[in-house]
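J.:
Protein chains in written order, with this note's numbering: chain A, 69 to 391; chain B, 69 to 391.
(1) Any chance you could list the alpha helix (DSSP H) runs of at least 4 consecutive residues sitting entirely within the segment 228-315 of chain A, in chain order?
(2) Just reading off the alpha helix (DSSP H) that residue 337 of chain A is part of, what are its end residues?
(3) In chain order, which continuous runs of the alpha helix (DSSP H) of length 4 or greater are located wholly inside the segment 152-182 of chain B?
(4) Applying a beta-carbon distance threshold of less than 9 Å, which residues of chain A neighbour residue 268 of chain B?
(5) Going by beta carbon distance, what residues of the same chain come within less than 7 Å of residue 145 of chain A, once the five residues before and after it are set aside?
(6) Rounded to a whole number of angstroms, what is the C-alpha to C-alpha distance between residue 439 of chain A and residue 375 of chain A?
(7) Residues in its own chain within less than 7 Å of residue 319 of chain B by CB, not counting five upstream and five downstream?
(8) Would you please state the rounded distance, in angstroms, between the beta carbons of residue 303 of chain A and residue 224 of chain A? I believe it to be under 8 Å.
(9) Find the residues of chain A that neighbour residue 181 of chain B, judging by a C-beta separation of less than 7 Å, and give them in chain order.
(10) For the alpha helix (DSSP H) holding residue 213 of chain A, just list the boundary residues, first then last.
(11) Only counting the same chain, and skipping five residues up and downstream in sequence, which positions put a Cβ closer than 8 Å to that of residue 159 of chain B?
(12) Report, in whole angstroms, the separation of the C-beta atoms of residue 199 of chain B and residue 155 of chain B, which I expect to be a contact under 8 Å.
(13) Comparing the C-beta of residue 200 of chain A with each C-beta of chain B, is any distance below 8 Å?
(14) Compare the C-beta of residue 218 of chain A with all C-beta atoms of chain B and state if any pair is closer than 8 Å.
(15) What are the boundary residues of the alpha helix (DSSP H) that residue 378 of chain A is part of?
(16) What does the Cβ neighbour count give for residue 229 of chain A, buried or exposed, with the cut at 16 atoms within 10 Å?
(17) Following a CB-centred definition, is residue 213 of chain A positioned closer than 7 Å to any heavy atom of the ligand ADP?
(18) Is the beta carbon of residue 281 of chain B closer than 8 Å to that of residue 349 of chain B?
(19) Could you tell me the distance, in whole angstroms, from the CA atom of residue 379 of chain B to the CA atom of residue 119 of chain B?
(20) Using a Cβ-Cβ cutoff of less than 7 Å, which residues in the same chain neighbour residue 298 of chain A once the five nearest sequence positions on both sides are dropped?
(21) 8 Å is my cut-off, CB to CB: does residue 296 of chain A come that close to chain B?
(22) Nearest by alpha-carbon distance to residue 81 of chain B: which of B/95, B/139, B/264 and B/109 is it?
(23) Compare the C-alpha of residue 246 of chain A against each of A/235, A/257 and A/264 and name the closest.
(24) Quick check on residue 319 of chain A: does DSSP put it in helix, strand or coil?
(25) State the CB to CB distance for the pair residue 278 of chain A and residue 389 of chain A, rounded to an integer number of angstroms; the pair is presumed to be in contact (CB under 8 Å).
(26) Give the interface partners of residue 214 of chain A over in chain B, defined as CB-CB distance under 7 Å, in chain order.
(27) By the three-class DSSP mapping on this structure, what secondary structure does residue 75 of chain A have?
(28) Identify whether residue 113 of chain A lies in helix, strand or coil by the three-state DSSP scheme.
(29) Under a Cβ-count criterion, where at least 16 other Cβ atoms within 10 Å of its own Cβ denotes burial, should residue 237 of chain A be classed as buried or exposed?
(30) Taking only the alpha-carbon atoms, compute the straight-line gap between residue 206 of chain B and residue 193 of chain B and give it to the nearest angstrom.
(31) Would the beta-carbon of residue 361 of chain A fall within 8 Å of that of residue 271 of chain A?
(32) Using 8 Å as the threshold, is the segment 76-91 of chain B in touch with the segment 212-221 of chain B, meaning 3 or more CB pairs across them?
(33) My assumption, with CB atoms under 8 Å, is that residue 93 of chain B sits in contact with residue 204 of chain A. Please give the rounded CB distance.
(34) Run through the segment 113-138 of chain A for me and flag every whole alpha helix (DSSP H) of 4 or more residues, listed as ranges in chain order.
(35) Can you list the residues of chain B that residue 25 of chain A reaches, using a CB-CB cut of under 8 Å?
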């Protein structure tokens with residue numbers, strides 16, 4: 069029931085969010101418009117703009133321009149995806165061919181740059197320096213998170229704290245900023261702005277941890293090859309727990325393969341099976357619950373209202389997500 | 069004499085400009101700091117921050133934080149160079165190995181992203197929405213100019229107007245914004261802000277046209293292989309004039325080679341010689357003079373002062389530049 073309400077509201081907001089995204093794509097330099105349209109049309113949950121809209125509405129903001137602000141973080145997110153796929157040499161994104169395999173690398177990189185520039189201009193048009201600072205901080209933090217992630221790649225000594233710092237940058241800060249910008253636009257007071265930011269950051273941390281657990285679920289459930297993180301040299305929480313559980317000789321072998329990027333698809337399927345058997349993915353979901361509790365606690369500092377209830381359900385959705 | 073004064077003032081400002089750039093590099097995520105430091109240390113004229121400082125000082129701004137604002141457009145410029153070199157597969161930049169050949173492609177792209185993010189944050193920290201709008205517009209225009217330039221590559225039908233639009237985006241807008249931001253920071257009135265922007269835009273247009281002329285100068289003067297633009301498929305003004313001067317059969321041959329990117333180093337040397345003999349490079353410099361006259365006229369709307377005199381000399385420097 070709760071989940072149905074969340075879906076209904078998202079369905080209600082989606083046309084306005086997508087219309088704003090289409091407007092933004094059309095405001096880009098003509099040659100890169102198809103690249104932006106492609107990555108927008110490839111789907112994605114629109115989680116970020118949805119959160120901006122919910123937060124702003126909860127705090128009483130009624131104007132329609134909320135959508136033009138809400139999508140700026142989705143634009144930044146899309147820019148990140150375009151650049152990431154080039155960096156990772158990824159061939160697929162959201163079940164479709166990665167943009168750079170369709171449009172070649174230069175237009176893809178430039179489309180990312182143009183999206184970021186256009187998003188900046190769109191935030192600046194609101195004429196509120198708090199919004200601008202929030203957006204530029206999110207841009208910096210996201211870039212920093214990605215950079216730290218690449219620097220940590222194929223390293224077996226990435227600590228839980230270091231990993232949390234990476235996730236805070238690459239995933240959580242954008243979701244944090246989505247909520248914070250909604251609160252700022254609505255003219256929320258300092259407590260409300262902080263509460264919205266806290267909610268978003270903790271939701272984002274949990275979102276990524278659950279994502280890390282799902283990465284080791286069977287392909288039959290997720291539709292994606294299992295254990296992609298292991299093959300890409302990302303020591304996510306389930307994989308760190310797995311590695312620590314190995315006897316010394318096996319650990320040495322794992323370290324060698326992981327460090328040299330030699331984990332095959334077959335190895336990954338095997339590792340994923342052992343992770344699920346030992347419950348390391350479940351353990352990671354349980355750890356995410358700590359962040360979700362913090363997110364729910366932050367919500368208590370926001371006014372009661374239907375959107376707050378939906379934001380609480382969003383935490384359940386993040387927890388229960390299977391793919 | 070005049071030129072000596074300009075050099076002396078630049079020498080006076082350079083340490084503060086470079087110190088601000090070093091501070092900015094150290095504020096970046098640790099893994100990409102060396103990439104940023106590398107592109108900063110590779111030199112460049114620091115024309116953009118210098119113009120911000122001159123404009124702000126001319127309009128009475130005395131505070132030291134002008135350097136932290138001034139370098140934001142140099143950071144954007146550096147980000148552009150990093151991405152451009154990746155896109156162009158360039159091996160050299162400012163006489164040194166291109167960053168991506170030293171640091172590989174992913175850190176180079178991410179360093180560009182991080183520089184742009186940090187520059188945005190640094191402008192946002194001034195808490196003035198006019199500065200933020202000016203900076204984000206410059207980012208958008210620069211990205212648009214580069215995109216249009218790539219879309220125009222190897223096309224023989226690029227008109228003078230289309231080329232001017234490209235140059236306005238990829239080169240002139242950043243220089244325009246450098247002057248405009250200096251005026252905004254100093255609290256200049258609307259006439260002064262517009263005059264500063266006009267000066268910068270026209271100076272930037274002239275700067276690029278002279279650059280286009282210099283591209284066909286002998287390597288013995290510039291230290292760079294001659295006719296690079298011809299080989300890269302850029303129909304700059306001297307090359308457009310050259311193409312139009314060719315008899316029909318020769319033009320057909322040129323078009324085929326240019327369109328397919330088959331102009332060799334030897335061809336380029338030959339074309340450059342014929343361009344110089346026909347004076348198409350000189351003609352381009354003369355066309356640039358129109359922009360410089362507009363730049364000088366804009367200066368008249370700014371207060372009299374030593375910096376205005378230096379800005380006038382800057383126009384002479386752009387005109388007389390041999391490499």
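No residue lacks a Cβ here, since even glycine has one placed at the ideal position from N, Cα and C.
T.: Result, derived from the coordinates:
(1) 228-235, 241-253, 258-282, 287-290, 296-299 and 305-313
(2) 333-346
(3) 167-171
(4) Simply none; closest approach about 19 Å.
(5) 116 and 242
(6) A question about residue 439 of chain A goes unanswered here, because the residues of chain A that appear run from 69 up to 391.
(7) 311
(8) 6 Å
(9) 151 and 211
(10) 197-220
(11) 165, 166 and 169
(12) Between residue 155 of chain B and residue 199 of chain B the Cβ distance is about 29 Å, and since that is not below 8 Å, they are no contact.
(13) yes
(14) yes
(15) 374-388
(16) exposed
(17) The ligand content of the structure shown is nil, which means the ligand ADP is not present either.
(18) yes
(19) 8 Å
(20) 307, 331, 336 and 339
(21) no
(22) B/139
(23) A/264
(24) helix
(25) 6 Å
(26) 178
(27) helix
(28) coil
(29) buried
(30) 17 Å
(31) no
(32) no
(33) Actually they do not touch by this definition, with Cβ atoms about 17 Å apart.
(34) 115-126
(35) There is no way to answer for residue 25 of chain A, as the model of chain A reaches only from 69 to 391.
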